[in-house]
Amino acid sequence: MQELIRGLIQKNNSKIFMVVLDGLGGLPVNGKTELEAARTPNLDSLSKRSA
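Numbered per my numbering, the sequence shown spans residues 385 to 435.
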């Protein structure tokens with residue numbers, strides 16, 4: 385498997401940032417969904433500085 389992965393890797397100048405959101409299927413708390421209630425200062429800052 386590692387040999388297969390090594391064969392697929394290609395160096396380039398692209399940068400990828402992947403965010404995995406978990407727990408989004410829950411019930412609203414205090415009238416807000418998880419996304420509405422979440423405090424996300426780091427993601428907010430990152431989004432202001434990115435494309």
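We put the beta carbon where it would ideally sit given N, CA and C, even for glycine.
Distance between residue j and residue i (C-alpha atoms, nearest Å)
| i | j | result |
| --- | --- | --- |
| G376 | K399 | Given that the chain is displayed from residue 385 to residue 435, the structure contains no residue 376 and the question cannot be resolved. |
| I393 | V413 | 43 Å |
| K416 | S434 | 27 Å |
| E387 | A421 | 44 Å |
| I389 | L427 | 30 Å |
| S431 | K395 | 25 Å |
DSSP bridge partner residues for residue i (one or two, in chain order)
| i | result |
| --- | --- |
| K395 | Paired residue(s): none; K395 is not in a bridge. |
| T416 | In the sequence as displayed, the identity of residue 416 is Lys instead of Thr. For K416, which the question treats as bridged, DSSP gives the partners V413. |
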